[in-house]
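*Asks:* If you scroll down you'll find the structure; I have some questions about it.
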DNA sequence: TCAAAAGTGTTTATAATACACCCATGG
DNA sequence: CCATGGGTGTATTATAAACACTTTTGA
């Protein structure tokens, strides 16, 4: 009572995940089938919340992480919510900087590649991922490097996301406004 | 009571617009600021509804059409809903076949161009619009032609949308799955 | 024969993928 | 000096925008 839906979900989530660790939260959809809950007539507004890969919150006993491709049985219409969230994440990864919400503060391209591959559900080329995100100025180098692993190999450069807030980076894929090309940064 | 939100909005809209004329309806967002309504605590779920350009429904006296760029003062937080709907339409026009919801059953490319231009808010080239929508197989020719106007000019061929339901036509703009190119229709 | 409107052919720009090759490190 | 992993250079491909030019009509 007296909260927005977002404040409410953040407060409820705080029992499971420290709110300061939530890197992104967005509304998905309000479900309204009168039969969705067997006992009473109830609306539910679903949200997608993301947490960076380097936080591993202590979870209460009734709560656990599950691979998105291998979920246990879910109550009511919750079955449809998870794919909706995943689809939203998948889509936004390709035209926004939303990767910031999955990655730690600093990371190598390979590490980021693995996060994208997990979220998208298919292989991602580190070469191309780097080029796309650098060209769009979503990433910037930190100058630092990660030490080599125990098996050797060239140490990877560390990058960070330029801004920790959602930005659209590929606004007009098609049917974009006419006129002379926008000035490149000079 | 007993309706989904969508059934409810369709029923309410039926007083203004014949439901059979609604070509598209999709949920936008649920607004939940406790102060959004001055009298009582109230949630609102906003929808985007579209009507083809060739229907001109009889409206009740308290209702009217307004240009989206020149709206009268709106109640409560309704000010933010209209831009959200417009933005959604703009975005989906570029990666889906949503144009079907704006256009009559048959139309020339020029007529369609005018609808896209109005919805997008900038000029659209009929040449390029035709190429994009034909390549994506969103449009198909009917074989018929529109008669010339009073000032002459070559008569335009008539087209229709291939499917009258929302389809994503440009799914993987970037970060698409690797592998050999998907087979063209052969 | 001219103006208006539609349509086609072709060039150009750009972005992304694919792939070959080079670099830096540990054992 | 070799295996391992990271990174760069470059070719290829795809898509869309831009623009010149041709076609079809009415007056």
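Residue numbers (the working numbering), protein chains in the order written: chain P, 1 to 186; chain Z, 187 to 372. We put the beta carbon where it would ideally sit given N, CA and C, even for glycine. None of the values given here were measured: they were computed from a predicted structure.
Could you name each continuous alpha helix (DSSP H) segment of 4 residues or more that falls completely within the segment 52-123 of chain P, going from the start of the chain to the end?
*Replies:* As far as the segment 52-123 of chain P is concerned, its whole alpha helix (DSSP H) runs of at least 4 residues are 81-95, 109-120.
*Asks:* With a threshold of 7 Å on Cβ separation, who are the neighbours of residue 104(P) within its own chain once the five nearest residues in sequence on each side are excluded?
*Replies:* Working through the first chain from its first residue, we reach residue 104(P) at position 104. So the qualifying residues of the chain are 52, 53, 54.
*Asks:* Can you tell me the Cα-Cα spacing of residue 15(P) and residue 206(Z), whole angstroms?
*Replies:* Mapped onto the first chain, residue 15(P) falls at position 15. Mapped onto the second chain, residue 206(Z) falls at position 20. Roughly 47 Å separates the two Cα atoms.
*Asks:* Take residue 108(P) and list the residues in its own chain whose beta-carbon comes closer than 8 Å to its own, dropping the five residues that flank it on each side.
*Replies:* Stepping through the first chain from its first residue, residue 108(P) is reached at position 108. Result list for residue 108(P): 146, 156, 157, 158, 159, in chain order.
*Asks:* Determine the burial state of residue 187(Z): buried for a count of at least 16 other Cβ atoms within 10 Å of its Cβ, exposed for fewer.
*Replies:* The sequence position of residue 187(Z) within the second chain is 1, counting from 1. The residue is exposed, with fewer than 16 neighbouring Cβ atoms inside 10 Å.
*Asks:* Per DSSP, which residues does residue 335(Z) bridge with? Please list them.
*Replies:* Mapped onto the second chain, residue 335(Z) falls at position 149. For residue 335(Z), which the question treats as bridged, DSSP gives the partners 338(Z).
*Asks:* Note down, in chain order, every chain Z residue with its Cβ under 7 Å from the Cβ of residue 93(P).
*Replies:* In the first chain, counting from the first residue as 1, residue 93(P) sits at position 93. The answer, in chain order, is 361.
*Asks:* Alpha carbon to alpha carbon, how far is residue 46(P) from residue 81(P)? Give it in angstroms, no decimals.
*Replies:* In the first chain, counting from the first residue as 1, residue 81(P) sits at position 81. In the first chain, counting from the first residue as 1, residue 46(P) sits at position 46. Each residue's alpha carbon lies about 7 Å from the other.
*Asks:* On the three-state DSSP scale, how would you describe residue 216(Z)?
*Replies:* To locate residue 216(Z), count along the second chain from 1; it is residue 30. Residue 216(Z): strand per DSSP, three-state reduction.
*Asks:* May I have the straight-line CA-CA distance separating residue 137(P) from residue 356(Z), to the nearest angstrom?
*Replies:* Stepping through the first chain from its first residue, residue 137(P) is reached at position 137. Stepping through the second chain from its first residue, residue 356(Z) is reached at position 170. Going by the C-alpha atoms only, they are around 23 Å apart.
*Asks:* What are the residues of the segment 303-317 of chain Z that lie near chain P, defined by any Cβ-Cβ distance shorter than 9 Å?
*Replies:* Against chain P - using a Cβ distance shorter than 9 Å - the residues of the segment 303-317 of chain Z are 306, 307, 308, 309, 310, 311, 314, 315.
*Asks:* Does the distance from the C-beta atom of residue 271(Z) to that of residue 217(Z) stay below 9 Å?
*Replies:* One-based indexing of the second chain puts residue 271(Z) at position 85. One-based indexing of the second chain puts residue 217(Z) at position 31. Result no, Cβ atoms of residue 271(Z) and residue 217(Z) do not sit closer than 9 Å.
*Asks:* For chain Z, is any of its Cβ atoms less than 9 Å away from the one on residue 6(P)?
*Replies:* By one-based count along the first chain, residue 6(P) stands at place 6. Interface residue, yes.
*Asks:* With distance defined between alpha-carbon atoms, name the residue in 198(Z), 282(Z), 193(Z) nearest to residue 352(Z).
*Replies:* Working through the second chain from its first residue, we reach residue 352(Z) at position 166. Residue 282(Z) is the option with its Cα nearest to residue 352(Z).
*Asks:* To the nearest angstrom, report how far apart residue 101(P) and residue 111(P) are at their CA atoms.
*Replies:* In the first chain, residue 101(P) corresponds to position 101, counting from 1. In the first chain, residue 111(P) corresponds to position 111, counting from 1. Using only the alpha carbons, I get a separation of about 14 Å.
*Asks:* Using CA atoms only, rank isn't needed, just tell me which of 134(P), 151(P), 119(P), 8(P) is closest to residue 68(P).
*Replies:* In the first chain, counting from the first residue as 1, residue 68(P) sits at position 68. Nearest option by C-alpha distance: 119(P).
*Asks:* Spell out the partners DSSP gives residue 25(P) in its beta bridges.
*Replies:* The residue you call residue 25(P) lines up with position 25 of the first chain. Bridge partners of residue 25(P): 49(P).
*Asks:* From the DSSP output, which residues share a beta bridge with residue 346(Z)?
*Replies:* Numbered from its first residue, the second chain carries residue 346(Z) at position 160. According to DSSP, which records beta bridges pairwise, residue 346(Z) is partnered with 326(Z).
*Asks:* Per DSSP, what kind of secondary structure is residue 230(Z) in: helix, strand or coil?
*Replies:* In the second chain, residue 230(Z) corresponds to position 44, counting from 1. Reduced to three states, the DSSP call for residue 230(Z) is strand.
*Asks:* To the nearest angstrom, how far is the alpha carbon of residue 121(P) from that of residue 87(P)?
*Replies:* For the purposes of this step, residue 121(P) is taken as the residue at position 121 of the first chain. For the purposes of this step, residue 87(P) is taken as the residue at position 87 of the first chain. The alpha-carbon atoms of residue 121(P) and residue 87(P) are separated by roughly 11 Å.
*Asks:* Going straight from the alpha carbon of residue 79(P) to that of residue 63(P), what length do you get?
*Replies:* Stepping through the first chain from its first residue, residue 79(P) is reached at position 79. Stepping through the first chain from its first residue, residue 63(P) is reached at position 63. In a straight line, the C-alpha of residue 79(P) is about 17 Å away from that of residue 63(P).
*Asks:* When you compare each of 325(Z), 212(Z), 360(Z), 224(Z) to residue 135(P) by their alpha carbons, which one comes out closest?
*Replies:* In the first chain, residue 135(P) corresponds to position 135, counting from 1. Answer by Cα proximity: 360(Z).
*Asks:* Residue 85(P) versus chain Z: which residues are under 7 Å apart at the beta carbon?
*Replies:* Start at 1 with the first residue of the first chain, and residue 85(P) comes out as number 85. Neighbours of residue 85(P) on chain Z: none; closest Cβ ~15 Å, over 7 Å.
*Asks:* For residue 168(P), list the residues DSSP reports as bridge partners.
*Replies:* Indexing the first chain from 1 puts residue 168(P) at position 168. Paired residue(s): 96(P).
*Asks:* Between residue 56(P) and residue 18(P), what straight-line distance do the alpha-carbon atoms span, to the nearest angstrom?
*Replies:* By one-based count along the first chain, residue 56(P) stands at place 56. By one-based count along the first chain, residue 18(P) stands at place 18. Their Cα atoms are separated by approximately 10 Å.
*Asks:* Which one of 74(P), 11(P), 5(P), 50(P) has the shortest CA to CA distance from residue 37(P)?
*Replies:* Your numbering for residue 37(P) matches position 37 in the first chain. It is 74(P).
*Asks:* Please tell me whether residue 226(Z) and residue 211(Z) are closer than 9 Å, where the distance is taken between their beta carbons.
*Replies:* Residue mapping note: residue 226(Z) aligns to position 40 of the second chain, counting from 1. Residue mapping note: residue 211(Z) aligns to position 25 of the second chain, counting from 1. Contact: no.
*Asks:* Is it buried or exposed for residue 317(Z), if we count other Cβ within 10 angstroms and need 16 for buried?
*Replies:* On the second chain, position 131 is the one that residue 317(Z) refers to. Classification for residue 317(Z): exposed.
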